[in-house]
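Colleague: Those protein sequences? They're chains A and B, same order as listed.
Here our numbering is used: the first residue of the first sequence is 1170, the next is one more, and so on.
Here our numbering is used: the first residue of the second sequence is 936, the next is one more, and so on.
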Amino acid sequence: MSTLAANPGGAARPRGGSAGRALVRGLPLAPSVVLLGVFLAWPVLYCVWAAFTDMALTGASGADFVGFENFRRAFTSAEFHRSVFLTVVFTVLSAIIGQNVLGMVLALLMRSGHRVVRAVVSAIVIGAWVLPEVVAGYLWSAFLGDGGSLNRALAWVGLPEQNWLYTAPILAVSIANIWRGTAFSMLVYSAALSEVPKEIEEAATVDGAGTWRRLFSVTLPMVRRSIATNLMLITLQTLSVFGLIWTMTRGGPSGQSATLPVYAYQQAFQFSDLGYGTALALVLLCIGGIFSVIYLRALRLGESIS
Amino acid sequence: MTTDTPARTAAPAPAATRAPGRRGRSPHVVSALVVNLVLLLIAACFVVPLLWVVLAAFDESAGLSVALPQEISLGNFEAVLTTDTTYRPMLNGFVLCGGATLITLVAAVLAAYPLSRYQSRYKRPFMLTILFTTGLPITAIMVPVYGFFVQTDLIDTFLGTILFMATTSLPIAIWLTKNFMDAVPIELEEAAWTDGASPMQALRTVVMPLMWPGLSVVAIYTFIHLWGNFFIPFILLLSNDQLPASVSIFTFFSQYGNVVYGQLAAYSLIYSLPALLLYLVLSRRLGGAFAFGGAVKG
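(1) Following the continuous alpha helix (DSSP H) through G1412 (chain A), name the residue where it begins and the one where it ends.
(2) Identify the residues that DSSP records as bridge partners of T1222 (chain A): which are they?
(3) Using 9 Å as the limit for Cβ to Cβ distance, is L1094 (chain B) near chain A?
(4) How about F1158 (chain B): is its C-beta nearer than 9 Å to some C-beta of chain A?
(5) Along chain B, in chain order, which residues have C-beta atoms closer than 9 Å to that of T1388 (chain A)?
(6) Report yes or no: is there a C-beta of chain A within less than 9 Å of the C-beta of Y1206 (chain B)?
(7) Taking three-plus beta-carbon pairs below 8 Å as touching, is the segment 1355 to 1362 of chain A in contact with the segment 1269 to 1287 of chain A?
(8) Going residue by residue through the segment 1358 to 1389 of chain A, where are the continuous alpha helix (DSSP H) segments of at least 4 residues, counting only ones entirely within it?
(9) Does the Cβ-Cβ distance between F1208 (chain A) and V1078 (chain B) come in under 9 Å?
(10) For L1366 (chain A), count neighbouring Cβ atoms within 10 angstroms of its own Cβ and tell me buried if that reaches 16, exposed if not.
(11) Looking at the unbroken alpha helix (DSSP H) that takes in V1207 (chain A), where does it start and where does it end?
(12) Which residue comes first and which comes last in the alpha helix (DSSP H) that contains S1281 (chain A)?
(13) For G1317 (chain A), which residues of its own chain have a beta-carbon under 6 Å away from its beta-carbon, when the five flanking residues on both sides are left out?
(14) Using 10 angstroms around the beta-carbon of I1459 (chain A), count the other beta-carbons present and answer buried if the total reaches 16, otherwise exposed.
(15) Using the three-state DSSP reduction, which class does G959 (chain B) fall into: helix, strand or coil?
(16) Are the beta-carbon atoms belonging to T1157 (chain B) and S1409 (chain A) less than 9 Å from one another?
(17) Measure how close the beta-carbons of G1197 (chain B) and A1035 (chain B) come, nearest whole angstrom, since I'm counting them as under 8 Å.
(18) Does any C-beta atom of chain B lie closer than 9 Å to the C-beta of M1417 (chain A)?
(19) Among A:G1412, A:I1293, A:A1337, which residue has its Cα nearest to the Cα of A978 (chain B)?
(20) Output needed for M1391 (chain A): all residues of its chain with C-beta closer than 6 Å, excluding positions within five of it in sequence on either side, in chain order.
(21) Between the C-alpha atoms of T1374 (chain A) and L1465 (chain A), what's the straight-line distance to the nearest angstrom?
(22) Which first and last residues belong to the alpha helix (DSSP H) in which L1313 (chain A) is found?
(23) Give a yes or no on whether 9 Å exceeds the smallest Cβ distance from R958 (chain B) to chain A.
(24) Starting from the C-beta of A1154 (chain B), find all residues in its chain whose C-beta is less than 7 Å away, skip the five residues before and the five after it, and write them out in chain order.
(25) Could you check whether the Cβ of S1051 (chain B) sits closer than 8 Å to any heavy atom belonging to the ligand MG?
(26) Pop quiz: G1163 (chain B) and S1181 (chain B) are said to be a contact at Cβ under 8 Å. What is the actual Cβ separation, rounded to whole angstroms?
(27) What did DSSP end up calling Q1439 (chain A) once you bin it into helix, strand or coil?
(28) Could you work out which residue in B:L972, B:G1033, B:F1093 is closest to L1213 (chain B) when comparing CA atoms only?
(29) Quick check: is the beta carbon of Y1022 (chain B) nearer than 9 Å to any beta carbon in chain A?
(30) Between G1457 (chain A) and L1405 (chain A), which are expected to be in contact by the criterion C-beta below 8 Å, what is the C-beta distance as a whole number of angstroms?
(31) Out of B:A967, B:P1106, B:G1028, which has the shortest C-alpha to C-alpha gap to I1097 (chain B)?
(32) Over what stretch of residues does the alpha helix (DSSP H) that includes N1175 (chain B) continue unbroken?
(33) Could you please give the first and the last residue of the uninterrupted alpha helix (DSSP H) stretch that includes M1146 (chain B)?
(34) Could you tell me how far apart the beta carbons of E995 (chain B) and N1011 (chain B) are, in whole angstroms, since I believe they sit closer than 8 Å?
(35) Does any residue of chain A have a CB that is nearer than 9 Å to the CB of N1175 (chain B)?
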C-alpha cells in the first residue's frame, strides 16, 4: 500500500490537456497492449465464440454454430459436475485454507522466531516454491505412491499402506499444491506484517488484549488489503493448476482428480472436441471472475488502486 | 526499494522487545522456544519430500522411498548428461525463457512508466484488468491459442512460443514494475525534465538506474516462473528437438518404459538448478523475496 500511496507525482502533475498529449503519454503502453490484445484478449474472445460451436480439432469441415448445446451438455454431465466440485474442493482446500492460513501462520511465527531458525525455514519453504512444478509433482508422487516414503513410515508404525494417489487423489494433489504454493503467501504476508507499526500492537497489549485478541482485532485487520490481494492471486493461480495434477495423477483414477483445467484439456486435446473443451474453459474463466468479484467487493480493494 | 528497509530494521526488533521483559523471563523463553519448535516442525514437513530427490539422485538402485544410498555414485548423472536428455532441452529452455523474460521486461518497464507517472481515468480499470489477468487461467485459453497458432503457422516455432510466454508473464511483471517505479521519487525526473530531457530519456537515465534492484527482482521472478512452466511449451511445441527441459522431463516415463528413478531424480536436480541458483542471487544480493512480497501486496 505504501508504495502506491508514495506516489505524489501523479497527483501533483497537471492532468493531460489535449487528447493528443494523452495519446503520446500512453504510447509506451503500446507494446504491452498489443501483446496482451493478440495473445490474451483475442483467445478469450475466441473462447467465447468457439464455446457455441461444434468445432473439432481434426475436422477440416469448419465449425457450425450450435448455440448453448455445449453448455447444455456440460451442465447435464455427471463428469462435469464432479469436475466443478473437484475444482472448488481443490481451490478451497489448497489455496484459501492451506496456502493462505499456513502462509500467515509462518509469517506471524517468523516475526518472533530465532534468526537462524527463520533463515532455515524460509530457505526450505521458498525452495519448494522455486522448484519447477513438474519436479514438485514427481516428488509428491514418489512420496505418496506405492512403496513411497509415507507408506514406509506408516508400515513402520504398523498402519496399513495404501497408494494415496489412488485412494485420495484430490487430497494428494491439494497437499502437494499447499507445499508448493505456501511460500508465495508467506512472502506477501511477511512484507505486509513488517509494515504494521509496533506501537499499535504494543498499545493493544497494554490495554490488556491477549495474543489472540490482538491478532484478530488489531494485526489482521491492519493487513486486510494484503490478505484480499493475496487471496485473489492464489485463488486464480490455483484454479489454473495443471502441470502438478497432470504429473501426479493425470486426472485419474477415472477422473477423480480431474479439475476443470485437466478435464477441459482431456476433452479438447485428447478427445479432439474443441467446442466442448472451450465451453469448459469458459466456465473456468467465469469461476475465476466470480471469485475475483467476491474479493474485490468484500474488501473494496478496488478503491485502493490509484 | 523502500519495502526491504523494514525487513532490516525489523530483524533486531524481537531482541529489543525481549530486553525489558527480562525479569519475567521464563514465560517469554518458553513461548520463544515453542515458536521456534513449531517453525522447525513445519520446515521438517516441507523437507521430507525433498529428501527423496536428493538421496535418489546419488543412488543407482533408488526406488520410490527415501533411503540412504548403499553407495554414493554419480552414475545417474553420467547417464542423463547427454545431448538428447539434458543439454539440448536445457539450452532450449534458456532460449525460450530468456527471450520471453527480455520481452516481458522491456514491455513492462515501458508500460509501467505512464501508469506510474500520469493520472488518467482509464488507469484504475486498466490496473484492475491487469490484476485479474495476473491469475487468468492460462490452461483455459490454450485451446484457442493452439488454434490461432496453427492458423498463423506459429505452432512449433520458438518465436511464437516466446511471444506467448512473454505475454502470460506480462501482467504480473507490469504490476510489480509499476509498484517498484512508484517508489522512485518523481522530483529527480522533474529536474531532468527541466534540463530538457524527454520522458523516455528521463526513464532511461534517471528512473531505471534507481530501480535496478526492483527490475532484477521482476526479471528473476519472471524467468523462474517460465522455467517451471510446463503447459505452454507442452502445447505449442511439437518437435522433440525443440522441447525445453520442463517438458522433456515429462517424456522420461514413456521414453524409457521402465522408469529409472535414480536418473529421474538426478535429472530433476539438474533441471531445478538454474531456478535455485537464480533465487540464491535474488536473496543474497537484493533482499529479493522480501521485496517481491512487498511489491505484490500493493
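Beta carbons: idealized from backbone N, C-alpha and C, even for Gly.
Modeller: Let me spell this out:
(1) 1412 to 1417
(2) A:F1234
(3) no
(4) no
(5) Those do not exist, as T1388 (chain A) stays about 14 Å from chain B at its closest Cβ, beyond 9 Å.
(6) yes
(7) yes
(8) 1367 to 1375, 1380 to 1383
(9) no
(10) Note that residue 1366 (chain A) is Pro in the sequence shown, not Leu. By the neighbour-count rule (16 or more Cβ atoms within 10 Å), P1366 (chain A) is not buried but exposed.
(11) Run containing V1207 (chain A): none; DSSP gives neither H nor E here.
(12) 1269 to 1281
(13) A1311
(14) exposed
(15) Only weak support is given to the placement of G959 (chain B): the predicted model assigns it a pLDDT of 46, under 50, and the question is left unresolved by the model.
(16) no
(17) With a Cβ gap of about 32 Å, G1197 (chain B) and A1035 (chain B) do not count as contacting.
(18) no
(19) A:I1293
(20) V1365
(21) 32 Å
(22) 1302 to 1313
(23) For R958 (chain B), the predicted structure reports a pLDDT of 46, less than 50, and the residue's modelled location is therefore unreliable. A value from the coordinates is still provided. Not an interface residue.
(24) T1036, L1040
(25) The model depicted lacks the ligand MG and carries no ligand whatsoever.
(26) 6 Å
(27) helix
(28) B:G1033
(29) no
(30) 5 Å
(31) B:G1028
(32) From DSSP, N1175 (chain B) is part of no alpha helix (DSSP H); its letter is neither H nor E.
(33) Careful: M1146 (chain B) lies outside any alpha helix (DSSP H) and carries neither H nor E.
(34) 6 Å
(35) no
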